Amino acid sequence: MPTSRQPVDALAMGLMLLLCMLWGLQQVAMKATSPDMPPLMQVALRSGIAALLVGAVMVWRGERMSLRDGTFWPGVVVGSLFALEYLLVGLGMRLTSASHMVVFLYTAPLFAALGLHWKLPSERLRPLQWLGIAVAFGGIVLAFSGHAGSTQHVNTNMLLGDALGLLGGMAWGATTVVLRSSKLGQAPATQTLLYQLVAAAVLLLPAAIALGQADIRPTALAWGNLAFQAVIVSFASFLLWFWLLKKYLAAQLGVFSFLTPLFGVGFGVWLLGEPLEPRFVAGAGLVLLGIVGVSGHTWLAQVLLRRKAAQHVKLTP
């Protein structure tokens with residue numbers, strides 16, 4: 174039986190703002206510490222640590238994972254997609270800026286909306302949402318052309334890195350589709366998260382070794398970032414996100430997703446001194462506008478419906 178979810182309130186807004194700040198910062202922190210700990214190794218280690226923490230929470234709560242409740246194979250798929258997403262991010266982070274990576278990675282809601290449109294009748298896209306997708310993809314094309322004026326070598330590297338970030342967004346979107354269309358969508362948040370973290374740790378550690386991203390310089394900055402990534406990002410923030418998804422309407426929460434790239438770009442410019450090309454800024458703005466159009470359609474429709482109902486009550490004698 175599906176659980177009823179409530180509209181977003183002040184608590185949810187505050188928590189989503191905090192989450193968007195953390196998620197925007199994680200890519201910047203990963204980029205800043207990549208000379209000391211390569212991105213793939215960061216993700217592999219943080220996922221393993223976070224998996225142990227989630228497992229401890231499940232033991233403390235008395236939660237058990239079953240192989241017969243229909244969640245195992247969807248969990249394997251979701252975990253593999255999660256690992257693929259961060260494999261692409263880890264490779265792309267060495268080629269492009271954190272600002273670019275966070276914008277292209279957070280195109281995930283667009284691909285999730287397209288996948289759910291195809292998979293679930295209740296998630297059919299409306300005309301305004303199709304317009305949002307068209308605007309966003311126009312923004313992606315414009316953002317990809319934002320390397321004008323760079324040397325050919327830098328241009329090629331950044332284009333490849335941006336493309337890997339976009340593919341990571343596709344993998345993330347596919348993860349959402351599997352979650353929403355399988356029994357894993359009704360599983361406890363800890364179980365859903367554990368599948369993803371275990372798969373990332375198991376698959377990305379050998380990938381980091383094979384791809385030459387296993388060298389670690391044990392600096393204070395590297396270990397501090399690893400603690401932040403493992404405890405705050407991969408453990409606490411993801412658990413909070415899954416809790417919000419089970420308590421509040423997903424479409425209304427999705428509207429806040431456009432804030433994460435804004436925070437990511439802002440942190441990248443502020444902390445790393447990353448330059449912003451005019452075309453990339455314009456393209457990123459169109460992408461965010463498109464995401465709002467896609468994710469905010471249901472929220473806007475509900476707001477207008479409530480206002481119409483309130484006016485009807487006032488006019489009724």
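By my numbering, the letter at position 145 of the sequence shown is numbered 318, and the numbering carries on one by one without gaps. We put the CB at the ideal spot given by N, CA and C, even for glycine. Quantities reported herein were computed from a predicted structural model and do not represent experimental measurements.
Exposure label - residue i; buried when at least 16 CB within 10 Å
i, result
"LEU422", "buried"
"LYS356", "exposed"
"ASP335", "buried"
"LEU240", "exposed"
"TRP345", "buried"
"LEU218", "buried"
"PRO180", "exposed"
"LEU293", "exposed"
"LEU257", "buried"
"PRO247", "buried"
"LEU190", "exposed"
"THR329", "exposed"
"PRO300", "exposed"
"VAL251", "buried"
Residue from the options whose Cα sits closest to the Cα of residue i
i, options, result
"ALA281", "SER295, LEU301, ARG299, VAL262", "VAL262"
"ALA372", "PRO212, LYS204, ALA223, PRO180", "ALA223"
"VAL275", "HIS290, ILE313, LEU304", "ILE313"
"LEU462", "GLN302, ALA383, VAL404", "GLN302"
"PHE317", "GLY466, LEU459, SER468, ILE464", "LEU459"
"ALA205", "LEU254, LEU333, GLY346, ASN398", "ASN398"
"LEU213", "TRP291, ARG267, SER407, PHE284", "ARG267"
"VAL350", "ALA387, LEU254, GLY456", "LEU254"
"GLY197", "THR433, SER468, VAL465", "THR433"
"LEU188", "GLY437, PRO448, SER430, GLY466", "SER430"
"ALA309", "LEU445, LEU283, LYS292", "LEU283"
"GLN359", "ILE405, THR244, LEU333, GLY439", "THR244"
"ALA395", "GLN179, ALA383, ASP209, LEU293", "ASP209"
"ALA457", "TRP443, GLY311, PRO211, ARG299", "GLY311"
"VAL465", "ALA307, TRP291, LEU225, LEU195", "ALA307"
Test item: CB-CB of residue i and residue j under 8 Å
i, j, result
"GLN402", "GLN200", "no"
"VAL227", "THR363", "yes"
"ALA271", "GLY441", "yes"
"TRP414", "LEU192", "yes"
"SER220", "LEU370", "yes"
"HIS377", "LEU260", "Looking at the sequence provided, one finds Leu at residue 377 rather than His. Yes; because the gap between Cβ atoms is below 8 Å, this pair is in contact."
"GLY265", "LEU337", "yes"
"VAL467", "GLY305", "yes"
"MET203", "GLN215", "yes"
"GLU236", "PRO361", "yes"
"ALA387", "ALA381", "yes"
Opening and closing residue of the alpha helix (DSSP H) in which residue i lies
i, result
"GLN200", "183-205"
"GLU258", "245-265"
"TYR421", "Careful: TYR421 lies outside any alpha helix (DSSP H) and carries neither H nor E."
"PHE310", "300-317"
"SER272", "271-278"
"GLN215", "212-234"
"ALA281", "281-292"
"GLY397", "393-400"
"ALA387", "Here ALA387 belongs to no alpha helix (DSSP H), and DSSP marks it neither H nor E."
"VAL442", "432-445"
Okay, do the stretch 327-345 and the stretch 180-188 touch, 3+ Cβ pairs below 8 Å being the bar?
-> no
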